[in-house]
Every structure is written in structure tokens, then in C-alpha cells.
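*Asks:*
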Amino acid sequence: MERACRSGGSTMTAGHASYWMSIAILLTTQTSGTGNFGQLSTERLVFMFKLLDGIRIIDLTTIVLGPYATQLLADLGAEVIKVESEEGDVFRAVRPGRTEDVGAGFMNFNRNKRSIVLDLKSEEGQKSLRKLIGNADVLVHNMRPSSAASLGADYEALQAINPNLVYCYSPGFGERGPDRSAPAYDDIIQARSGLAAINADNSGAPQFVRTIACDKVVGLHLAMGIQAGLIHKARTGKGVCIEVPMFETMASFLLSEHLAGHSLVPEEGELGYERLMTENRRPHKTSDGYLAILPYSTKHWIRFFELSDEPEWQTSSKVTNPILRSKNIDELYAKISEIAKTKSTKEWQLLLTEADIPHSTVNSLEDLLRDEHLAAVGMFNIYDDERLGRIREIRSPFQVDGELDYEVAANRPAPGLGEGTSDLLD
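Letter by letter, the sequence shown follows residues 160 to 585 of the numbering used here.
What follows is the structure, given as C-alpha cells:
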């Protein structure tokens, strides 16, 4: 069977190895998530770190999956060159938007990148791509291997130009399976992976999750694969080809907890993590609204029933024994729903905060933009751009060494179509 990934590569010089090892050390720096509302600036605050400074990524991806992955890497300092056709990434057309080539959806997946236009169906365009590959560290795409080969972007061809290239791609289905040539988008993989089925409505009809879940989950895996490839390159001096198929990634993602009793052979119990499958796992109705309440540890459960003045539940083995608690979780969640109705949301928040029991209000999208925590950590930046007008930007959630490391710059929002072509190809 024809494969997209073929072995190869060459040893780097000691100087190159030293450089790449320093990059690898930076890549392993731990980061933690943070969260902002709107801070007005006449200049753009670029939320970009230097951990991947010096890394050049040639990005042939489109829509959400690949652009989400490469935006994360761009936020960490990589130079990302987005290669587009004359029509541009189709996600540019997602409205609303103030310019024909940059819609609101595109803005939030393509910041800190540069765009060039190449006709990869032509020899001239493929020649320009080969020139870019000569001094690139990474090539990433989300095409089927046959499509990539037709554009001169298959691994074998590009590795011959740059043996140290990290080549990472995300097709819908892995090459070893019978569906390797099938097209795939987020909705298709939500359906095929089981995500739509476990999100079924009360009638049992499957429902898509109302976010581009598969593209973003697989995009995170793609970004991780690229960074692993860079570390491999740093350690060995050789390039590598990494496949991150959508279907396999989402099947693994979903079955990690839902394989459940089928993890054992012969099977013991049903498929599905029982705590997540119960109908009573939901935000609970209070006397005046809704609240997510999650006693998780034994201590949490006992404290919750102490607050609720339910002495028989405080000492019940269904509460104090973790195994019995797991087996009776539906009954316990139903009890929370019954108790939650006895107080207002604010009353519960005060009591649960004092008892250190995990809980949360139920935010709408509008609430999220006004969330006090996100405002405090500066999650959103409002600024004036000469092309796009006044816009609100979501910053990168990365925090490094306790700092957000804001850098003031004038023009690194999502790029206009082909605006870097002349600079990067001359």
C-alpha cells in the first residue's frame, strides 16, 4: 500500500544539534491555562511568547483543525507561513466580517500568521513551495495523502529537498484503514466517533455538539505531534512524518473513559462511564436559577449532606464508600437535584464556597464575555486595526513563568489573503 510517511532523514551538524536541543528544552517548559473581558487599546497587544522562536512552519491547512493547531504554535513564537490558493481558505468567508477576505471566524484561528498565495496545481507554485521547504522546520497539512501528492506536497518529495523536515498531517481517516480516502469534516467525525450519539436529546435523536469539537480536539493533538516531531529532530538530527487522523483521534478521545467495562476481557459491565451517562448529571435547578454542583471526593459528599441537613446520607455507605458511590451515582445526583431546589443560587454559592465544594454558575455566551475572572486576567483585548476596524481578540491562554508577556505590535491579527507573498518569495 502506498504510504504518505516514508523513513529518511540525515544527521545534523553539532551546531545544529545544539541549537535544536535548546529549542527542545524550551518546548518542555511547563505552562498553565489562564483566562480576559475587554481592555481597550489603540494598538494590538500581541500575546506571543518566544518558546518557539526560530521555528518556521509552512502551513497548508484550512478551515479550523489545522489553523487552530498552527495558531497555538504561532502564539508560542513560531513563524507560521499560511499557504493559500487564490480563492483563499474557505473559512475566510464565515460572516460577519468587515472585509471580504477576513471574517470574524477566520480571525480567531489565524492570528500571528503570514499569508502567501500559491497555485500549487501549477509547476511554478510547486517550485515556490519547494523553495520555502528548503529552510523550513515543519510542513503541516490536513489533506488526504493523494491530494497532497497531486500538489507536490507529499512527504517523499519534500523530504528529498529537506531531510530534516518535520512533516505532520491530519487526514479524516488513517492510511491503514479502508476509509483512508473518504472525505471528513467536523460534523462527519462527530457522527462517526460516537460524539453525536452520546449527546442525544431526550428523544434519543443524536445531536452535534455546538462547537467545532472534533477539529479543535484533533488540532490540539496535531500541535502536540508537531512539537514531539521537533523534539525528535532535536535529539536525533532527523526529520519525521507524523499522521494525526481525525477519526482515530476522536475514537481514542471518547473511548478513554467510555470503554469502561469493555476494557476488561471478557467484558464486565456496559460501555459508557456511568457518571457521565446518567440523566441526572446536569446543572441543577435552584429556587431561582441553575447551578453546577459537583461533590467529587468523599469529603465533598459528606460536607454537601452536612450543609443539606441530611444526617442519614452523611453516613450512608453509598456516600462514604467510593466504589458504592460510583455504582449509585445516578441516585446521588438525583438527590442533589432534589436538595438544590430548596435554596437560591446565591445562597448555595455562599454555602458551597465556604465548604470548598466545586460549583459554578451556568454562563451563557454573553455571560462569558463579562465573566469577572476572564476580565481580571485580561482574556480579551479590544483594539483598532486599520483594515478591520475596532475588534475584540481572544488572547492565547498560555502563561509562562507567571507572566503573560504582552508585546506591543502594530499588525499581527489574522492576515489578509496573500499579504506576505512578495516579502516571503522575493
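For every residue, glycine included, the Cβ atom is placed at its ideal position computed from N, Cα and C.
This structure is a prediction, so every number in the text was calculated from the model and none was measured.
Excluding the five sequence neighbours on either side, which residues of its own chain have a C-beta within less than 6 Å of the C-beta of residue 489, listed in chain order?
*Replies:* Here residue 489 refers to the residue found at position 330 when the sequence shown is read from its first residue. Excluding positions up to five away in sequence, the list reads 437, 439.
*Asks:* Could you tell me the alpha carbon to alpha carbon distance between residue 325 and residue 239, rounded to whole angstroms?
*Replies:* On the sequence shown, residue 325 is found 166 positions in, with the first residue counted as 1. On the sequence shown, residue 239 is found 80 positions in, with the first residue counted as 1. Cα-Cα distance, rounded: 14 Å.
*Asks:* Since residue 548 is in the beta strand (DSSP E), which residue starts that stretch and which ends it?
*Replies:* Here residue 548 is taken as the residue at index 389 of the sequence shown, counted from 1. It spans 548-553 - the beta strand (DSSP E) in which residue 548 sits, taken as one unbroken run.
*Asks:* Starting from residue 463, follow its DSSP beta bridges and name the residues at the other end.
*Replies:* Position 304 of the sequence shown, counted from the start, is the residue given in the question as residue 463. Note: residue 463 sits in no beta bridge, so no partner.
*Asks:* By the 10 Å Cβ neighbour count, where 16 or more other Cβ atoms means buried, how is residue 184 classified, buried or exposed?
*Replies:* Residue mapping note: residue 184 aligns to position 25 of the sequence shown, counting from 1. Residue confidence for residue 184 is low, a pLDDT of 40 falling below 50, so the modelled location carries little weight; the figure read from the coordinates is stated next. Residue 184 is exposed by the Cβ-count criterion.
*Asks:* Taking the Cβ atom as the reference point for each residue, do residue 442 and residue 521 lie within a distance shorter than 7 Å?
*Replies:* Locating residue 442 in the sequence shown gives position 283, where the first residue counts as 1. Locating residue 521 in the sequence shown gives position 362, where the first residue counts as 1. Taking a C-beta distance under 7 Å as the contact criterion, residue 442 and residue 521 qualify as a contact pair.
*Asks:* Would residue 276 and residue 246 be called neighbours here (beta carbons separated by less than 7 Å)?
*Replies:* The residue given as residue 276 occupies position 117 in the sequence shown. The residue given as residue 246 occupies position 87 in the sequence shown. In this structure, residue 276 keeps its C-beta atom at 7 Å or more from the C-beta atom of residue 246.
*Asks:* Enumerate, from N- to C-terminal direction, the unbroken beta strand (DSSP E) stretches of 3 or more residues contained entirely within the region 263-351.
*Replies:* 272-276, 297-300, 325-328
*Asks:* Helix, strand or coil: which one does DSSP assign to residue 244?
*Replies:* Stepping through the sequence shown from its first residue, residue 244 is reached at position 85. In the structure shown, residue 244 sits in coil (DSSP, three-state: anything other than H, G, I, E or B).
*Asks:* Following the continuous beta strand (DSSP E) through residue 400, name the residue where it begins and the one where it ends.
*Replies:* Counting from 1 along the sequence shown, the entry for residue 400 is found at position 241. Where residue 400 is concerned, the enclosing beta strand (DSSP E) stretches over 399-402.
*Asks:* Just tell me which of 468, 487, 466 has its CA closest to the CA of residue 476.
*Replies:* Taking the first residue of the sequence shown as 1, we reach residue 476 at position 317. Answer by Cα proximity: 487.
*Asks:* From 452, 350, 451, pick the residue whose C-alpha is nearest to that of residue 407; which is it?
*Replies:* Working through the sequence shown from its first residue, we reach residue 407 at position 248. When each option's Cα is compared against that of residue 407, the closest is 350.
*Asks:* What are the partner residues of residue 450, as DSSP defines its beta bridges?
*Replies:* Reading the sequence shown from its first residue, position 291 is the one you call residue 450. 443, 520.
*Asks:* To the nearest angstrom, how far is the alpha carbon of residue 426 from that of residue 415?
*Replies:* Locating residue 426 in the sequence shown gives position 267, where the first residue counts as 1. Locating residue 415 in the sequence shown gives position 256, where the first residue counts as 1. Using only the alpha carbons, I get a separation of about 16 Å.
*Asks:* My understanding is that residue 272 touches residue 574, with C-beta atoms under 8 Å, so please give their C-beta distance in whole angstroms.
*Replies:* Here residue 272 corresponds to residue number 113 of the sequence shown, with the count starting at 1. Here residue 574 corresponds to residue number 415 of the sequence shown, with the count starting at 1. Yes, they are in contact, since the Cβ atoms of residue 272 and residue 574 sit about 6 Å apart, within 8 Å.
*Asks:* Which value, in whole angstroms, describes the spacing of the CA atoms of residue 594 and residue 561?
*Replies:* Lying outside 160 to 585, the shown extent of the chain, residue 594 is not represented and no answer is given.
*Asks:* Which residue comes first and which comes last in the beta strand (DSSP E) that contains residue 151?
*Replies:* Examination of residue 151 is not possible in this model, given that the chain is present from 160 through 585 alone.
*Asks:* Specify, as a first and last residue, the run of the beta strand (DSSP E) that residue 216 falls within.
*Replies:* Translated into positions along the sequence shown, residue 216 becomes position 57. Annotation for residue 216: the continuous beta strand (DSSP E) segment containing it runs 215-218.
*Asks:* Taking the straight line between their C-alpha atoms, what separation do you get for residue 181 and residue 423?
*Replies:* Counting from one through the sequence shown, the residue named residue 181 turns up at place 22. Counting from one through the sequence shown, the residue named residue 423 turns up at place 264. Confidence in residue 181 is poor, its pLDDT being 43 and thus under 50, which makes the residue's placement unreliable; the coordinate value appears in the next sentence. Taking the straight line joining both Cα atoms gives about 43 Å.
*Asks:* Under 6 Å Cβ to Cβ from residue 228, same chain only, skipping five residues before and after it: list those, please.
*Replies:* Taking the first residue of the sequence shown as position 1, residue 228 is located at position 69. Only 378, 381, 382 meet the Cβ criterion.
*Asks:* Can you look up residue 558 in the DSSP assignment and give me helix, strand or coil?
*Replies:* For the purposes of this step, residue 558 is taken as the residue at position 399 of the sequence shown. If DSSP states are grouped into helix, strand and coil, residue 558 belongs with the strands.
*Asks:* Verify whether the separation of the beta carbon atoms of residue 516 and residue 459 is less than 7 Å.
*Replies:* Mapped onto the sequence shown, residue 516 falls at position 357. Mapped onto the sequence shown, residue 459 falls at position 300. Yes, they are a contact pair.
*Asks:* Considering only their Cβ atoms, is the gap separating residue 365 from residue 372 smaller than 7 Å?
*Replies:* Here the question's residue 372 lines up with position 213 in the sequence shown. Here the question's residue 365 lines up with position 206 in the sequence shown. The answer is no: Cβ separation not under 7 Å.
*Asks:* Under 7 Å, do residue 299 and residue 220 count as touching if we go by C-beta distance?
*Replies:* The residue given as residue 299 occupies position 140 in the sequence shown. The residue given as residue 220 occupies position 61 in the sequence shown. For residue 299 and residue 220, yes; Cβs fall inside 7 Å.
*Asks:* Taking the straight line between their C-alpha atoms, what separation do you get for residue 523 and residue 469?
*Replies:* Taking the sequence shown and counting its residues from 1, one reaches residue 523 at position 364. Taking the sequence shown and counting its residues from 1, one reaches residue 469 at position 310. Approximately 32 Å, taken between the alpha carbons.
*Asks:* With respect to the alpha helix (DSSP H) encompassing residue 164, which residues constitute its N-terminal and C-terminal limits?
*Replies:* As a working mapping, residue 164 is identified with position 5 in the sequence shown. Note, residue 164: premise wrong, no alpha helix (DSSP H); not H, not E.
*Asks:* Can you grab the Cα-Cα spacing for the pair residue 259 / residue 363, in whole Å?
*Replies:* Locating residue 259 in the sequence shown gives position 100, counting from the first residue. Locating residue 363 in the sequence shown gives position 204, counting from the first residue. For residue 259 and residue 363, the distance between alpha carbons rounds to 41 Å.
*Asks:* Taking buried to mean at least 16 other C-beta atoms within 10 Å of its own C-beta, is residue 107 buried or exposed?
*Replies:* For the chain, the structure presents residues 160 to 585; residue 107 sits outside this window and is missing.
*Asks:* Can you round the beta-carbon distance between residue 224 and residue 329 to whole angstroms, since I take them to be within the 8 Å contact cut?
*Replies:* Position 65 of the sequence shown, counted from the first residue, corresponds to residue 224. Position 170 of the sequence shown, counted from the first residue, corresponds to residue 329. Right, their Cβ atoms sit about 6 Å apart.
*Asks:* Looking at the secondary structure, which residues open and close the alpha helix (DSSP H) in which residue 421 lies?
*Replies:* The residue you call residue 421 lines up with position 262 of the sequence shown. Premise fails: residue 421 is in no alpha helix (DSSP H) and is neither H nor E.
*Asks:* Can you find a CB in chain C that lies within less than 7 Å of the CB of residue 508?
*Replies:* Of the protein chains in this structure there is only one, and it is not chain C.
*Asks:* Assign residue 480 to buried or exposed, taking buried as 16 or more other Cβ atoms, counted over all protein chains shown, within 10 Å of its Cβ.
*Replies:* For this step, residue 480 is matched to residue 321 along the sequence shown. Exposed: under 16 other Cβ atoms inside 10 Å.
*Asks:* Kindly identify the DSSP beta-bridge partner or partners of residue 223.
*Replies:* One-based indexing of the sequence shown puts residue 223 at position 64. As computed with DSSP, residue 223 is found in no beta bridge at all.
*Asks:* For residue 420, tell me which candidate among 430, 412, 411 has the shortest Cα-Cα distance.
*Replies:* The sequence position of residue 420 within the sequence shown is 261, counting from 1. Proximity to residue 420 across 430, 412, 411 peaks at 430, based on C-alpha coordinates.
*Asks:* Answer with buried or exposed for residue 526, where buried requires no fewer than 16 other C-beta atoms within 10 angstroms of its C-beta.
*Replies:* Position 367 of the sequence shown, counted from the first residue, corresponds to residue 526. So residue 526 ends up on the exposed side.
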